[in-house]
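This report refers to the structure that appears directly beneath it.
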Amino acid sequence: MTLGRLLKWILVIFLSFIIGGLLAAFSKSNAILGYLVGIVWLSIAYFIILGYRLVPREKFHKLKEFEKLENINNDKYNVL
Numbered sequence: 063m064t065l066g067r068l069l070k071w072i073l074v075i076f077l078s079f080i081i082g083g084l085l086a087a088f089s090k091s092n093a094i095l096g097y098l099v100g101i102v103w104l105s106i107a108y109f110i111i112l113g114y115r116l117v118p119r120e121k122f123h124k125l126k127e128f129e130k131l132e133n134i135n136n137d138k139y140n141v142l
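For the sequence shown, the working numbering assigns the number 63 to the initial residue and increments by one for each residue that follows.
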């Protein structure tokens with residue numbers, strides 16, 4: 063794990079505690095549940111906003127090439 067990725071995770075955990083604390087303070091649930099909700103929300107935001115790749119870049123490009131070929135093959139047989 064690189065230093066940059068470690069710092070991003072530390073930032074996500076820190077922000078999740080802040081958000082979780084606010085959720086717990088303004089809701090009638092207990093604080094632990096608020097913190098867990100904050101961690102889940104910010105983890106999802108981390109994956110979406112910061113663009114963590116679940117599929118490696120090479121596989122992603124191969125999938126895109128396959129989709130292009132598939133679209134070309136489908137266009138051949140589309141008769142209006």
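Yeah, the Cβ is synthetic: ideal placement off N, Cα and C, and Gly gets one too. Computed from a prediction, not measured in an experiment: that's the story for all the values here.
- The residue from Lys70, Ile101, Ala107, Tyr108 with its alpha-carbon nearest to that of Ile81 is Ile101.
- Shown here for Leu104: same chain residues with a beta carbon closer than 7 Å to its own, the five before and five after excluded, namely Val74, Leu77, Ser78, Ile81 in chain order.
- In summary, Ala86 is buried, with 16 or more beta-carbon neighbours lying within 10 Å of its beta-carbon over all protein chains present.
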